[in-house]
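> Questions regarding the structure given below will be posed in turn.
Residue numbers (my numbering): 749 to 896.
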């Protein structure tokens, strides 16, 4: 079974500007199903398409299955079934051996910046970059599925 263990943080905008990579990738995503028990997300990420099924979040862990699909099919699903979409730019940075994904939102929540780190265990230790602020892993309003 595929398990996603993820912690999420707000980003200090001033600190972020100093380290922000020159190029990120645009992500457009919407939800075909969004309930407490499960979500089904469709996404375009650059020139790739994905469909993702996620289970209920338990602390910072949940079941996740992600499959690449043709980008034109992802676009069709988004346009046909997802009237509300999230539009963001994702940047990836490695800090102290961990990959950090930083999302700069353009729609909705324009200006919101969130950083995520995936772990192999809920108790895994890691250092925070100086641009990482308050942890919001347990705040449902920062779950992408709840932003629409």
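Think of the CB as a built atom: it goes at the ideal place given N, C-alpha and C, for glycine as much as any other residue.
Remember, predicted model here, so these are calculated numbers, not experimental data.
Can at least three beta-carbon pairs, one atom from the segment 809–822 and one from the segment 874–883, be found at a separation below 8 Å?
Taking one beta carbon from each stretch, the segment 809–822 and the segment 874–883 have fewer than 3 pairs nearer than 8 Å; the two do not touch.
> Using alpha carbons as the reference points, say which of 823, 848, 872 and 842 lies closest to residue 775.
Start at 1 with the first residue of the chain shown, and residue 775 comes out as number 27. It is 823 whose Cα lies nearest to the Cα of residue 775.
> For the segment 787–796 and the segment 815–822, state whether three or more C-beta atom pairs, one from each stretch, are separated by less than 8 Å.
yes
> Please determine, among 869, 868 and 854, the residue with the shortest C-alpha to C-alpha distance to residue 862.
To locate residue 862, count along the chain shown from 1; it is residue 114. That would be 854, whose Cα lies nearest to the Cα of residue 862.
> Please specify which runs of the alpha helix (DSSP H), each continuous and at least 4 residues long, are wholly inside the segment 760–825, giving them in chain order.
Listed in chain order, the complete alpha helix (DSSP H) runs (minimum 4 residues) inside the segment 760–825 are 761–767.
> Quick one: is residue 851 buried, meaning 16 or more other Cβ sit within 10 Å of its Cβ, or exposed?
Reading the chain shown from its first residue, position 103 is the one you call residue 851. Buried.
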